[in-house]
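One structure is given here, and the rest of the page talks about it.
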Amino acid sequence: KEAVELKMNNRAGTSLSPDFKRFPNVEVLWVNNNRLQSFTHLDTNFRIQHVYVQDNCLVSLTGLHALKFLRTLLAAGNQLRNLQKQIDVLCKFAFLTKLDLSGNPCSEEPDYRLRVLY
């Protein structure tokens, strides 16, 4: 329960366990190089500020809605499509200062950088 940083990378995981709520103090989450398709079971983990989720199979960022203090989201190399849908999720993160969506289909859309910045 006291853990503030969890490293669960390179585990071939496809989803976060419902038991993840047992770690309410987590601020840094490393889940890169897995097979995650979506974010689930993060409703009680609002303290998370940094998420490293590169090289998974994510198709949406919608499961991050509870992370009100999110500062870093590195989500390169996933399957995120529909840039506007992802921007609709991202615009709710007032503290977000570091974002990487490269290597996703949405990063190939016209005016990607301009649309993400504004």
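If you use our numbering, the sequence shown corresponds to residues 26 to 143, in order.
Heads up, the beta-carbon is just placed ideally off N, CA and C, and yes, glycines get one too.
Please read all numbers here as calculations on a predicted model, not as lab measurements.
Determine which residues share a DSSP beta bridge with residue i and list them.
{"i": "Thr97", "result": "His75, Lys123"}
{"i": "Leu31", "result": "Leu54"}
Going along the chain, which residues of its own chain have a beta-carbon closer than 6 angstroms to the beta-carbon of residue i, five neighbours each way excluded?
{"i": "Asp68", "result": "Ala91"}
{"i": "Phe64", "result": "Gly88, Leu89"}
Select from the options the residue whose C-alpha is nearest the C-alpha of residue i.
{"i": "Thr132", "options": "Asn57, Val76, Gly38, Ile112", "result": "A quick correction: the sequence has Ser, not Thr, at residue 132. Checked all of Asn57, Val76, Gly38, Ile112; the closest Cα to Ser132 is Ile112."}
{"i": "Leu121", "options": "Phe94, Arg60, Leu61", "result": "Phe94"}
{"i": "Glu134", "options": "Arg36, Leu124, Arg106", "result": "Arg106"}
Residue range of the alpha helix (DSSP H) that residue i falls in?
{"i": "Gln109", "result": "108–115"}
{"i": "Arg36", "result": "Looking at the DSSP string, Arg36 is not in any alpha helix (DSSP H), and its letter there is neither H nor E."}
Per DSSP, what kind of secondary structure is residue i in: helix, strand or coil?
{"i": "Gly88", "result": "helix"}
{"i": "Phe45", "result": "helix"}
{"i": "Tyr143", "result": "coil"}
{"i": "Glu133", "result": "helix"}
{"i": "Arg60", "result": "coil"}
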